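Comments concern the structure below.
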Amino acid sequence: MSPGAEQQNLTLDLLWGVGAAVTTLLLLAAIAQLGVPGVLLNLFVAVPAAYVHMRFSTVAAVSAVGLVLAGEYLLAGPGGVAGYLLQFGIMSILLPLLMRRGLSWGRSAVLTIAVVSLCGLGLLASYANSAGSSVTEVVSGYAASEADQAMEIYKASDLTPEQLETLRESVDEMAGFIVYTYPGLAVSVVGLLALLMLGILQVISKGRYEIPGPVFARWKSPELLVWPLIGAGFMFAMGEDAWRQIGANLLIVMLPIYFLQGLAIITYFFNKRRTPPLLRGLGYVLLTLFNPLPLIVAGIGVFDLWVDFRKPRIKET
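Numbering follows the numbering used here, with no gaps: position 96 of the sequence shown is 122.
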């Protein structure tokens with residue numbers, strides 16, 4: 027490639043990076059303005075930089091993330107920079123980079139989740155140390171603050187004192203659950219963001235790039251992974267104190283993996299039966315949000331290790 031063509035490609039990459047940065051900053055501004063209704067927009071924040079990474083180059087993605095970091099520093103200070111980098115920035119660079127180098131989407135996701143989670147927990151530990159407290163104390167303070175803010179919103183509504191008291195108990199229980207399981211929850215949230223970003227990248231690819239690895243409907247988790255799941259179940263059911271807490275955190279990390287495998291099985295049968303998109307979307311919503319359907323889907327994922335639901339069945343005549 028001639029130097030002129032290389033310069034033209036670099037300029038194009040930088041322009042796409044600027045466009046991705048502007049889109050990302052608009053999403054972040056919308057989230058800040060909308061409050062609770064804007065929470066769902068978090069699912070799309072990492073996508074612009076990841077898209078230009080997959081379609082164009084690492085230069086485009088790095089320039090996009092760098093510009094967003096500069097914008098966040100001006101608008102939200104160091105806290106905004108750290109928040110964006112840990113939740114979206116690292117992911118939008120590392121995950122596409124690994125896939126561009128030939129790793130399957132599954133392995134790329136696992137490595138990305140591990141790196142982002144370790145960086146986040148490391149930063150939290152450093153902050154706690156500088157504040158002269160423990161990580162658990164920092165998380166407890168955050169959970170208590172969020173619980174108090176939630177109750178202030180409820181108090182502004184037309185609820186009776188008895189209803190407020192019931193809500194207070196529920197909110198306190200949720201805050202305690204967050205403190206008890208924050209390592210597992212952190213890993214699971216990072217995993218959710220990474221997988222949703224992968225799904226969106228697949229939908230908008232339109233043949234411009236490829237997501238390496240098996241199609242989702244054929245994906246299976248490693249068979250040996252079932253043993254940590256069984257061990258975590260025993261620790262949670264029979265352990266005490268720290269062992270029980272470790273078991274709970276492991277289950278929070280492991281169960282979504284088998285939920286994903288169960289969802290892949292359901293996708294396989296949706297494809298096989300050519301289920302219309304509207305019914306398929308409704309099915310995914312029901313299976314994800316309505317108890318006890320998520321646990322049933324995870325159970326299907328676990329038993330797939332022995333039953334192999336997607337194995338072709340030979341009809342006897």
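For glycine and all other residues, C-beta sits at the position ideal for the given N, C-alpha and C. Note that the structure is a prediction, hence the values are computed from the model and not measured.
Would you check if the region 291 to 302 and the region 257 to 267 touch, i.e. whether three or more CB-CB distances between them fall below 8 Å? no
So the alpha helix (DSSP H) residue 71 belongs to, where does it begin and stop? Indexing the sequence shown from 1 puts residue 71 at position 45. Residue 71 -> no alpha helix (DSSP H), and no H or E assigned at all.
Measuring only the C-alpha atoms, how far is residue 240 from residue 208? Within the sequence shown, the letter at position 214 stands for residue 240. Within the sequence shown, the letter at position 182 stands for residue 208. Straight-line measurement puts the Cα of residue 208 at about 31 Å from the Cα of residue 240.
Residue ranges of each alpha helix (DSSP H) run of no fewer than 4 residues wholly in the region 77 to 161, ordered along the chain? 84 to 110, 116 to 126, 131 to 156
Should residue 322 go down as buried or exposed, given a rule of 16 or more other Cβ atoms within 10 Å for buried? Start at 1 with the first residue of the sequence shown, and residue 322 comes out as number 296. Of the residues assessed, residue 322 falls on the exposed side of the cut-off, its CB having fewer than 16 other CB atoms within 10 angstroms.
So what's residue 231 in DSSP terms, helix, strand or just coil? Translated into the one-based positions of the sequence shown, residue 231 becomes position 205. In this structure, residue 231 counts as coil in the three-state DSSP scheme.
What residue ranges within the region 203 to 272 form continuous beta strand (DSSP E) runs of no fewer than 3 residues, ordered along the chain? Fully enclosed beta strand (DSSP E) runs of 3 or longer: not present.
Starting from residue 306, trace the alpha helix (DSSP H) both ways and give me its first and last residue. Translated into the one-based positions of the sequence shown, residue 306 becomes position 280. First-last of the alpha helix (DSSP H) with residue 306: 303 to 315.
Is DSSP giving residue 298 helix, strand or coil here? Looking up residue 298 in the sequence shown gives position 272. If DSSP states are grouped into helix, strand and coil, residue 298 belongs with the helices.
So residue 238 and residue 131 are in contact, right, with Cβ under 8 Å, and what is the actual spacing, rounded? The residue given as residue 238 occupies position 212 in the sequence shown. The residue given as residue 131 occupies position 105 in the sequence shown. Residue 238 to residue 131, Cβ: 6 Å. Contact.
Of the residues 210, 100, 174, the one placed nearest residue 193, counting alpha carbons only: What you label residue 193 is simply residue 167 of the sequence shown in a count that begins at 1. Ranking the options by Cα distance to residue 193, first place goes to 174.
Just how far apart, CA to CA, sit residue 202 and residue 153? If you number the sequence shown from 1, residue 202 lands on position 176. If you number the sequence shown from 1, residue 153 lands on position 127. Rounded to whole angstroms, residue 202 to residue 153 spans 21 Å at the Cα level.
Under a three-way DSSP split, which group does residue 63 fall into? Within the sequence shown, the letter at position 37 stands for residue 63. Residue state, collapsed to three classes: helix.
Measure the alpha-carbon distance for residue 212 versus residue 144 and round it to whole angstroms. To locate residue 212, count along the sequence shown from 1; it is residue 186. To locate residue 144, count along the sequence shown from 1; it is residue 118. The straight-line gap from Cα to Cα measures roughly 10 Å.
If you follow the alpha helix (DSSP H) that residue 329 is in, where does it begin and where does it stop? Counted from its first residue, the sequence shown places residue 329 at position 303. Per DSSP, residue 329 belongs to the alpha helix (DSSP H) from 319 to 333.
Looking at residue 123 and residue 162, is the spacing between their C-beta atoms short of 8 Å? Walking along the sequence shown from the start, residue 162 turns up at place 136. Walking along the sequence shown from the start, residue 123 turns up at place 97. No; because the gap between Cβ atoms is not below 8 Å, this pair is not in contact.
Report the rounded CA-to-CA distance for residue 275 versus residue 206, giving the unit in angstroms. Taking the first residue of the sequence shown as position 1, residue 275 is located at position 249. Taking the first residue of the sequence shown as position 1, residue 206 is located at position 180. Spanning the two alpha carbons is a distance of roughly 8 Å.
On the three-pair Cβ rule with 8 Å, is the region 285 to 297 touching the region 245 to 254? yes
Cα-Cα, which of 39, 115, 121 is closest to residue 225? In the sequence shown, counting from the first residue as 1, residue 225 sits at position 199. Comparing C-alpha distances from residue 225 to each of 39, 115, 121 shows the shortest one belongs to 121.
Expressed to the nearest angstrom, what Euclidean distance is found between the alpha-carbon atoms of residue 292 and residue 186? For the purposes of this step, residue 292 is taken as the residue at position 266 of the sequence shown. For the purposes of this step, residue 186 is taken as the residue at position 160 of the sequence shown. Going from the Cα of residue 292 to the Cα of residue 186 covers about 44 Å.
Starting from the Cα of residue 52, find the closest Cα among 210, 72, 256 and give me that residue. Working through the sequence shown from its first residue, we reach residue 52 at position 26. For the residues 210, 72, 256, the minimum Cα distance to residue 52 belongs to 72.
According to DSSP, simplified to helix, strand and coil, what is residue 185? As a first step, residue 185 must be located in the sequence shown, where it is residue number 159. Of the three classes helix, strand and coil, the one that applies to residue 185 here is coil, per DSSP.
Among 252, 148, 210, which has the Cα closest to the Cα of residue 326? On the sequence shown, position 300 is the one that residue 326 refers to. The residue from 252, 148, 210 with its alpha-carbon nearest to that of residue 326 is 252.
Kindly confirm or deny that the region 166 to 184 and the region 97 to 110 touch, where touching means at least three C-beta pairs closer than 8 Å. no
For residue 298 and residue 136, I'd like the C-alpha separation in whole angstroms. Mapped onto the sequence shown, residue 298 falls at position 272. Mapped onto the sequence shown, residue 136 falls at position 110. Roughly 28 Å between the two C-alpha positions.
Please go through the same chain and pick out, in chain order, the residues whose beta-carbon is closer than 7 Å to the beta-carbon of residue 254, but skip the five residues on each side of it. In the sequence shown, residue 254 corresponds to position 228, counting from 1. The answer, listed in chain order, is 276, 280.
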